[in-house]
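**Student:** This structure is in structure tokens; I'll ask about it shortly.
Set out below in structure tokens:
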């Protein structure tokens, strides 16, 4: 049977336990978001997905270009997913690599053979040199892997997410220290938590908004910029994880500040009681007042 003192301790510390759970869930969500799209099992945790649009008038030209080589047959159907730390290529033909999904580090994509194989020549432009006036033909290339790499490296940076994870781990440890009884320095720990929780919430709120704006902007302008050749899809799973983590940070911040105001209110009531006991003319202590008056 659980002792009553233990039950009272759990009931008294329940808000802090709930804050610990919220912080832990947010940390796990952000870690999965950061390492997502790094291997085939996590390919669904992507931010943006690029693919050739079958509705485009240029799709038949792209299909012919890929089918011209034996090693690139069927590559027009691939889907390239960009994440924070990695890029995955899904829906690969079985004859290409023996597997339907390949994943790469976001900064090393240009060194793989698939990078060159996915480069398709869309337009041939005739140009003339200024000196020799000789005509030459230059081809315009379109590469899904290059777009995914630019999206991960130059647009969506993982550094804010990394900083938020480190600060969230620090807040989890500080909250745990504030929950354990009879530990020294709790006043400083609580003050640190009151400062860190809103800063962390604001920081990840800005990070989540930046990511959301970046992926939605890519979805809107890339199809138009490519004249309808490309189709872009945003990662619903990754976006949901980011905003749920932000919601848990808000709940954590509200709990910590709610505990602060509760303790301040309780301390104020205790101070009022002590002052009232030391004041013989206080109306709540009639017997003391009447006794004092009878002596005069």
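Numbering (our numbering), first residue to last: 3 to 298. Beta carbons are placed, not taken as given, at the ideal position from N, Cα and C, and that holds for glycine.
With H, G and I counted as helix, E and B as strand and the rest as coil, what does DSSP make of residue 145?
**Tutor:** Secondary structure of residue 145 (DSSP, three-state): strand.
**Student:** Only counting the same chain, and skipping five residues up and downstream in sequence, which positions put a Cβ closer than 7 Å to that of residue 134?
**Tutor:** Reliability of the predicted coordinates at residue 134 is poor, the pLDDT of 48 falling under 50, and the value obtained from them is presented with this limitation in mind. Contacts found: none.
**Student:** Does the Cβ-Cβ distance between residue 195 and residue 177 come in under 8 Å?
**Tutor:** Remark: C-beta atoms of residue 195 and residue 177 approach each other more closely than 8 Å.
**Student:** What are the start and end residues of the beta strand (DSSP E) that includes residue 50?
**Tutor:** 50–54
**Student:** Report, in whole angstroms, the separation of the C-beta atoms of residue 33 and residue 217, which I expect to be a contact under 8 Å.
**Tutor:** Contact between residue 33 and residue 217 is ruled out by a C-beta separation of about 20 Å, above the 8 Å threshold.
**Student:** Residue 88 and residue 106 look like a contact to me (Cβ under 8 Å); what is the Cβ gap, rounded to whole Å?
**Tutor:** 7 Å
**Student:** What are the complete beta strand (DSSP E) segments, minimum 3 residues, inside the segment 40–94?
**Tutor:** Runs found: 50–54, 81–84, 88–92.
**Student:** Closest by CA to residue 142, which one among 123, 160, 117?
**Tutor:** Residue 123 is the option with its Cα nearest to residue 142.
**Student:** Give me the Cα-Cα distance between residue 61 and residue 69, rounded to the nearest whole angstrom.
**Tutor:** 12 Å
**Student:** To the nearest angstrom, how far is it from the Cα of residue 136 to the Cα of residue 77?
**Tutor:** Note that residue 136 scores a pLDDT of 47, beneath 50, so its modelled location is shaky; the value from the coordinates is reported in the next line. So the two alpha carbons sit approximately 35 Å from each other.
**Student:** When you compare only the Cα positions, how much space is there between residue 57 and residue 172?
**Tutor:** Taking C-alpha positions only, residue 57 is separated from residue 172 by approximately 50 Å.
**Student:** Restricting to Cα atoms, I'd like to know which of 149, 115, 114 is closest to residue 233.
**Tutor:** If we check each option's Cα against that of residue 233, 149 comes out closest.
**Student:** Look up residue 136 in the DSSP assignment and say whether it is helix, strand or coil.
**Tutor:** With a pLDDT of 47 at residue 136, under the threshold of 50, the modelled position of that residue is not reliable, and the figure given next carries that caveat. In this structure, residue 136 counts as coil in the three-state DSSP scheme.
**Student:** How about residue 48 and residue 24: do their beta carbons lie closer than 8 Å?
**Tutor:** no
**Student:** Can you tell me the Cα-Cα spacing of residue 246 and residue 226, whole angstroms?
**Tutor:** 31 Å
**Student:** Which complete beta strand (DSSP E) runs does the segment 224–284 hold, if anything under 3 residues is left out?
**Tutor:** 232–236
**Student:** Taking Cβ positions, are residue 248 and residue 207 nearer each other than 8 Å?
**Tutor:** Contact: yes.
**Student:** Along the chain, where does the alpha helix (DSSP H) containing residue 163 start, and where does it finish?
**Tutor:** 161–181
**Student:** Would you decide whether residue 240 is buried or exposed? Buried here means 16 or more other CB atoms lie within 10 Å of its CB.
**Tutor:** Around the CB of residue 240, 16 or more other CB atoms lie within 10 Å, so the residue is classed as buried.
**Student:** Can you tell me whether residue 102 is helix, strand or coil according to DSSP?
**Tutor:** coil
**Student:** Kindly indicate the opening and closing residues of the alpha helix (DSSP H) around residue 116.
**Tutor:** Per DSSP, residue 116 belongs to the alpha helix (DSSP H) from 115–119.
**Student:** Exposed or buried, residue 243, counting other C-beta atoms within 10 Å across all chains shown (16 or more means buried)?
**Tutor:** buried
**Student:** Specify the secondary structure class of residue 123 as computed by DSSP and reduced to three states.
**Tutor:** strand
**Student:** Can you tell me the Cβ-Cβ gap for residue 52 and residue 231, rounded? I've got them flagged as a contact below 8 Å.
**Tutor:** Contact flag wrong, Cβ pair sits at about 11 Å.
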